[in-house]
Amino acid sequence: MVGGRRRWLVLALAAAAAVALFIMRPGRDPGEGAIAITWQAASTLEYTDGSRSLLAEHAEIQVVDDHLEHVEVEQRAGLVRYEIAKRPERRFVVEARDVTVTVLGTVFEVDVDGDEVTVSVQRGRVRVEHGATEVELTRGQRIALMAPRSATHQAQPEAPVVEAPEETAEVAQVTPAEDEHGAGGGQAKPSAAELLRAADRARGAGRLDEAARRLRQLIASHPRDPRVTLAMFTLGRVERARGQHEAAARAFESCGDALRGDAIAEAATSWLAAGRSDRASAAAQRYLASHPAGVHAEQMKKLAPER
Numbered sequence: 250m251v252g253g254r255r256r257w258l259v260l261a262l263a264a265a266a267a268v269a270l271f272i273m274r275p276g277r278d279p280g281e282g283a284i285a286i287t288w289q290a291a292s293t294l295e296y297t298d299g300s301r302s303l304l305a306e307h308a309e310i311q312v313v314d315d316h317l318e319h320v321e322v323e324q325r326a327g328l329v330r331y332e333i334a335k336r337p338e339r340r341f342v343v344e345a346r347d348v349t350v351t352v353l354g355t356v357f358e359v360d361v362d363g364d365e366v367t368v369s370v371q372r373g374r375v376r377v378e379h380g381a382t383e384v385e386l387t388r389g390q391r392i393a394l395m396a397p398r399s400a401t402h403q404a405q406p407e408a409p410v411v412e413a414p415e416e417t418a419e420v421a422q423v424t425p426a427e428d429e430h431g432a433g434g435g436q437a438k439p440s441a442a443e444l445l446r447a448a449d450r451a452r453g454a455g456r457l458d459e460a461a462r463r464l465r466q467l468i469a470s471h472p473r474d475p476r477v478t479l480a481m482f483t484l485g486r487v488e489r490a491r492g493q494h495e496a497a498a499r500a501f502e503s504c505g506d507a508l509r510g511d512a513i514a515e516a517a518t519s520w521l522a523a524g525r526s527d528r529a530s531a532a533a534q535r536y537l538a539s540h541p542a543g544v545h546a547e548q549m550k551k552l553a554p555e556r
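First residue of the sequence shown? That's 250 in our numbering, and the numbers climb one at a time after it.
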């Protein structure tokens, strides 16, 4: 029995189905003090310290501990983007099978896909531990590790490959499926996971045109993949960074209900930057109608017309 006020929370996100989420304390009856929340196929989870996780469809995490000074998450499946609040005194840890990711102040993603766990960093630094391997990743770097579900302590992990940002690209290795022409000279279509990783690597290295191209390729070639929602949201941010504000707004609005709150707020901001104050006001009103006390409410009130 684990002591203290340790909370756990499980998110299981399935296609076209809402899943109940419960926050409970050990030793208490499941019906006592439980908080039930209905989640869509993909969603955003906010932590006590102000950090948040953006979960793609089919992602599954368990929050083992959630306090201002310590957050611990177990990621069991799927793709999750972590945006970590700057709190030097706080320890934020993500466990994905036998891979441990310790946050050093960052935005990063963890993808548990089959027997592979991939960690990629968009901003800041993380420490990744796997068996005897320990490495720090910085902006634009990514590491892929084999971590089978049935892994034992006797099994020796494969040597990882750390992919570097553009300025140190001579030490990076690109997998054949992520090459511009695909494996075998175009014979194999890159998977959604490969395209998303390629986009993240390009974005981290500042190659925004390539990142946008990879994301659009993912959306067009894998329209039913659970990563499409996150890819569309990321595309919005890439287009905004490229100065293509109208394209960014349309990408955010295409996220639909999965990331409804954040996506609508991002769309409103992008419409304003595109010089479309009418569209910005409409988006801000939609946000306030569904999230009157949301994290973006004050900003949206400035865009919505006074009543």
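Heads up, the beta-carbon is just placed ideally off N, CA and C, and yes, glycines get one too. Treat the numbers as computed from the prediction; the structure is a model and nothing was measured.
Assigned exposure category for residue i - 16 Cβ within 10 Å defines buried
i: Leu-484; result: buried
i: Arg-463; result: buried
i: Glu-443; result: buried
i: Arg-391; result: buried
i: Leu-317; result: exposed
i: Asp-315; result: buried
i: Asp-458; result: exposed
i: Asp-511; result: buried
i: Pro-557; result: Not covered by the structure: residue 557. The range shown for the chain is 250 to 556.
i: Pro-475; result: buried
i: Gly-389; result: buried
i: Ala-500; result: buried
i: Arg-473; result: exposed
i: Asp-449; result: buried
i: Ser-292; result: buried
i: Pro-337; result: exposed
i: Pro-541; result: exposed
i: Asp-360; result: buried
i: Asp-527; result: exposed
i: Glu-488; result: buried
Backbone secondary structure at residue i - three-state DSSP
i: Ile-468; result: helix
i: Ala-546; result: helix
i: Ile-333; result: coil
i: Arg-476; result: coil
i: Glu-358; result: strand
i: Asp-511; result: helix
i: Asp-594; result: No statement about residue 594 is possible, as the shown extent of the chain runs from 250 to 556 and does not include it.
i: Glu-443; result: helix
i: Glu-338; result: coil
i: Glu-245; result: Beyond the ends of the chain as shown, which are 250 and 556, falls residue 245; an answer cannot be given.
i: Ser-503; result: coil
i: Gly-299; result: coil
i: Ala-531; result: helix
i: Ala-387; result: Per the sequence shown, residue 387 should be read as Thr rather than Ala. Of the three classes helix, strand and coil, the one that applies to Thr-387 here is coil, per DSSP.
i: His-540; result: coil
i: Glu-495; result: helix
i: Gly-524; result: coil
i: Gly-485; result: helix
i: Arg-346; result: coil
i: Ala-393; result: strand
i: Glu-459; result: helix
i: Ala-517; result: helix
i: Ala-454; result: coil
i: Gly-276; result: Confidence at Gly-276 is low in this model, with a pLDDT of 32, below 50, so its placement is unreliable and the value that follows should be read with caution. If DSSP states are grouped into helix, strand and coil, Gly-276 belongs with coil.
i: Ala-553; result: coil
i: Ala-490; result: helix
i: His-379; result: strand
i: Ala-326; result: strand
i: Gly-373; result: strand
Contact belief for residue i with residue j at Cβ below 8 Å, rounded distance in angstroms
i: Ala-532; j: Ile-513; result: 5 Å
Cβ-Cβ distance between residue i and residue j below 8 Å
i: Glu-451; j: Ala-441; result: Before going further, note that residue 451 is Ala rather than Glu in the sequence given. No. Outside cutoff.
i: Ser-519; j: Leu-552; result: no
i: Ala-480; j: Glu-502; result: no
i: Thr-478; j: Ala-305; result: yes
i: Arg-340; j: His-319; result: yes
i: Ala-381; j: Val-366; result: no
i: Arg-301; j: Glu-309; result: no
i: Arg-376; j: Thr-355; result: no
i: Val-370; j: Gly-453; result: yes
i: Val-368; j: Phe-357; result: yes
i: His-545; j: Ala-523; result: no
i: Leu-303; j: Val-329; result: yes
i: Arg-372; j: Leu-353; result: no
i: Met-395; j: Asp-362; result: no
Any non-hydrogen atom of the ligand FAD closer than 7 Å to residue i Cβ
i: Ser-440; result: Among the components modelled here there is no ligand, and therefore nothing to report on the ligand FAD.
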